[in-house]
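What follows is one structure encoded as C-alpha cells, with my remarks underneath.
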Ligand code: MG
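Residue numbers (the numbering used here): 16 to 275.
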C-alpha cells in the first residue's frame, strides 16, 4: 500500500515537472486559433469585483449611486432637471413626471438595478407598484409588486412584458429591496430602417439571485394587448424607467456594455 502511494506521489511530481510553465504548443488547435491550454492565448482583462457582489465592478458605468440624477432626463421635458425624487439615496418615481431615461445610450449590456415597492400596499394586479426597466427604450422587464399579488403571468415582476413570464416568482415582499441582473443582447436588424431582424434580441434575468429568464429570445417591442413584433431602432438607445403612477424606488444602477 505504502509503495503504491509512493509511486503515485512520484508520478505526480514527474507529471507536474513535465508541464511547461506557461502552457502548451503541442496540443490540438481550438476553433479560436489557439491550442488547447495555449500559453499565448490572450488573458481576459482583470476586473476588480465590488466589495459585495451587487456593488459596481471597476469597469461598470454607474448610472445612479444614490446622490445625483445628472445622467438622467425625462423623455417629455428635456432638458429640464428630472422631477423624480431622491429619497434617502433611492430614486423614486413621481406620478405624472413621466418616463426617466439615461442620457447615455446602450446596446447589448449587463445591467444591475435594485428596486423596491412601497411597504404600504395599495392597489391590485397591474395597479400595485407598477414600473419597468426598458432596455433600449423598447423592451420592458416588468417591475411590479408580485408578492401575493396575482396578475397575468406575462405581466408580473421579471416578465418580459406581454411575452414571457418569469420561470419562477422570486419576488420579495413590499418594502424590501430586490435586484435584477440582466444580460441583454440587442437585436440585429437586416438594415437601416428595416423592421426585420437577422438576429432577435435575447435576455437573461436574474431576480434576487434566481435565474428567471434564461437567454430568452425577445419577440419584439413589448406591447400592451398585442402580439410583439420588431420595429427598427438604432444600435444604441437610452435605458428607461417607467412612470406608471406608483412610487417605486430604485438604487444602485450600473451597466457594463457588452459585445453584440
Ligand atoms: Mg410596467
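Every residue, glycine too, gets a C-beta built ideally from N, C-alpha and C.
None of the values given here were measured: they were computed from a predicted structure.
- When DSSP reads this structure, residue 105 sits in a beta bridge with 102.
- Rounded to whole angstroms, the separation of the alpha carbons of residue 154 and residue 106 is 21 Å.
- Selection 109, 62, 244, 188 evaluated against residue 176 yields 244 as nearest (Cα-Cα).
- The Cβ-Cβ distance between residue 231 and residue 77 does not fall below 8 Å.
- Judged by their CB atoms, residue 217 and residue 200 are nearer to each other than the 8 Å cut-off.
- When the Cα atoms are used, residue 255 and residue 128 turn out to be separated by approximately 12 Å.
- Bounds of the beta strand (DSSP E) holding residue 131 are 124 to 131.
- Where residue 265 is concerned, the enclosing beta strand (DSSP E) starts and stops at 264 to 272.
- Distances from the CB of residue 145 to the heavy atoms of the ligand MG include at least one below 7 Å.
- Secondary structure at residue 141: helix, using DSSP grouped into helix, strand and coil.
- Pairwise C-beta distances place the segment 247 to 261 in contact with the segment 137 to 149, as three or more of them are shorter than 8 Å.
- If you ignore the 5 residues before and after residue 173, its C-beta comes within less than 6 Å of the C-beta of 181, 220, 222, 227, all in its own chain and listed in chain order.
- Under DSSP, residue 205 forms no beta bridge with any residue.
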